[in-house]
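Numbering (the numbering used here), first residue to last: 8 to 161. Cβ atoms here follow ideal geometry from the backbone N, Cα and C, with glycine treated the same way.
So, in structure tokens, the structure goes:
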């Protein structure tokens, strides 16, 4: 099924997600409480959206600290391994909320990181890959990241 044959409304709605999302944050497991994964239009500042992206938001906890990892991957990105800091078609946001304050790291600030896209099938809505990234200057690392997600129709 091609992108044009799928209804735009069907792709944009929030969709429950089956599958898994796993990662270690500085060697501690992220206990995932929810995952949202969908194919959606990328919002543009001052422009009408015209670009499809895979959007994955995983929320959970590391100990008592709320944590969120967001992966934003261009829909047309070919399968393969990419360096996150230098790849403009991949954006990653890490958000942690310890003691009522937000700590946010963006892929533009990572010193190292890779994302391997293993599957990105629009027709079946399956997205699968592996990732890791770090900021060694502050001893921060997300490792052993993996996702195998299938977005279900509402």
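Would you kindly work out how many angstroms separate the C-alpha atoms of residue i and residue j, rounded to a whole number?
{"i": "residue 30", "j": "residue 101", "result": "12 angstroms"}
{"i": "residue 134", "j": "residue 106", "result": "33 angstroms"}
{"i": "residue 73", "j": "residue 36", "result": "12 angstroms"}
{"i": "residue 147", "j": "residue 109", "result": "15 angstroms"}
{"i": "residue 162", "j": "residue 26", "result": "Residue 162 lies beyond the stretch modelled for the chain, which goes from 8 to 161, so this question has no answer here."}
{"i": "residue 45", "j": "residue 156", "result": "9 angstroms"}
{"i": "residue 24", "j": "residue 60", "result": "16 angstroms"}
{"i": "residue 49", "j": "residue 95", "result": "13 angstroms"}
{"i": "residue 158", "j": "residue 143", "result": "34 angstroms"}
{"i": "residue 124", "j": "residue 97", "result": "11 angstroms"}
{"i": "residue 93", "j": "residue 81", "result": "14 angstroms"}
{"i": "residue 104", "j": "residue 34", "result": "18 angstroms"}
Measure how close the beta-carbons of residue i and residue j come, nearest whole angstrom, since I'm counting them as under 8 angstroms.
{"i": "residue 47", "j": "residue 62", "result": "5 angstroms"}
Leaving out five residues on either side along the sequence, give the residues of the same chain with a beta carbon under 8 angstroms from the beta carbon of residue i.
{"i": "residue 99", "result": "76, 77, 78, 79, 91, 113, 114, 117, 120, 122, 138 and 140"}
Can you say whether residue i is buried or exposed, counting buried as having 16 or more other CB atoms within 10 angstroms of its CB?
{"i": "residue 145", "result": "exposed"}
{"i": "residue 130", "result": "exposed"}
{"i": "residue 38", "result": "exposed"}
{"i": "residue 132", "result": "buried"}
Leaving out five residues before and five after residue i in sequence, what residues of the same chain have Cβ atoms less than 6 angstroms from its Cβ?
{"i": "residue 32", "result": "69 and 149"}
{"i": "residue 127", "result": "134"}
{"i": "residue 153", "result": "29 and 137"}
{"i": "residue 111", "result": "102"}
{"i": "residue 151", "result": "31"}
Pairing CB atoms from the segment 65-72 with CB atoms from the segment 81-91, are three or more of them under 8 angstroms?
-> no
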